[in-house]
Amino acid sequence: MSLKSFKELVVWQKSMDLCEEIYEIVSSFPTSEIYGLTAQLKRAAISVPSNIAEGASRNSTKEFIQFLYIANGSLSEVETQLELAVRLKYMEEEKIPNEQIKYIRVMLLRLISSLKNK
């Protein structure tokens, strides 16, 4: 992969957008959750672009793929935690950025597939 920077990856850019969205969502959560679900959601969201960046900066395609899988796992954590937030009535289900999450997941899986077929 001939990238000058991981910042060129659209999947990284979109996952950074998702982080901003998550920070906005959790700002309305109860303060009693500041060290609980709020912190966990922020960590999981941040993990997505962070793992993409770290993987892209590694020396091998195999390592990059592994970090992309980790990013995908973190994305699933975000989905799960948002669902819990809805169940706990901290947010409305319509506020979950499902399309954004699906788009990032598709991009991650396509990038993994592309790298495997090199």
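The working numbering numbers the first residue of the sequence shown as 85 and each following residue consecutively.
Cβ coordinates follow ideal geometry from the N, Cα and C atoms, glycine included.
Since we're looking at a predicted model, the values are computed, not measured.
Candidates the options: closest to residue i by CA position
| i | options | result |
| --- | --- | --- |
| Asp101 | Thr164, Ser134 and Leu195 | Ser134 |
| Thr175 | Glu108, Ser89, Leu93 and Ile188 | A quick correction: the sequence has Met, not Thr, at residue 175. Taking only the C-alpha atoms, the option nearest Met175 is Glu108. |
| Val132 | Gly120, Val162, Phe113 and Asn143 | Val162 |
| Leu195 | Arg171, Lys126, Lys146 and Val110 | Lys146 |
Alpha carbon of residue i to alpha carbon of residue j, nearest angstrom
| i | j | result |
| --- | --- | --- |
| Tyr187 | Glu105 | 14 Å |
| Val190 | Leu168 | 23 Å |
| Gly139 | Ile149 | 7 Å |
| Thr115 | Thr122 | 9 Å |
| Leu166 | Ile180 | 7 Å |
| Val95 | Leu193 | 10 Å |
| Ile185 | Leu159 | 7 Å |
| Lys98 | Ala155 | 13 Å |
| Asn182 | Ile130 | 17 Å |
| Lys91 | Val170 | 32 Å |
Buried or exposed by the 16-neighbour rule on C-beta atoms within 10 Å, applied to residue i
| i | result |
| --- | --- |
| Ser141 | exposed |
| Leu172 | exposed |
| Glu177 | exposed |
Assigned secondary structure, residue i (DSSP; H/G/I helix, E/B strand, else coil)
| i | result |
| --- | --- |
| Met85 | Here Met85 scores only 47 on pLDDT, less than 50, and its place in the model should not be relied on; the value that follows carries that caveat. Note: Met85 maps to coil in three-state DSSP. |
| Ile118 | coil |
| Met175 | coil |
| Leu199 | helix |
| Leu192 | helix |
Rounded Cβ spacing between residue i and residue j (contact assumed at less than 8 Å)
| i | j | result |
| --- | --- | --- |
| Leu152 | Ile136 | 7 Å |
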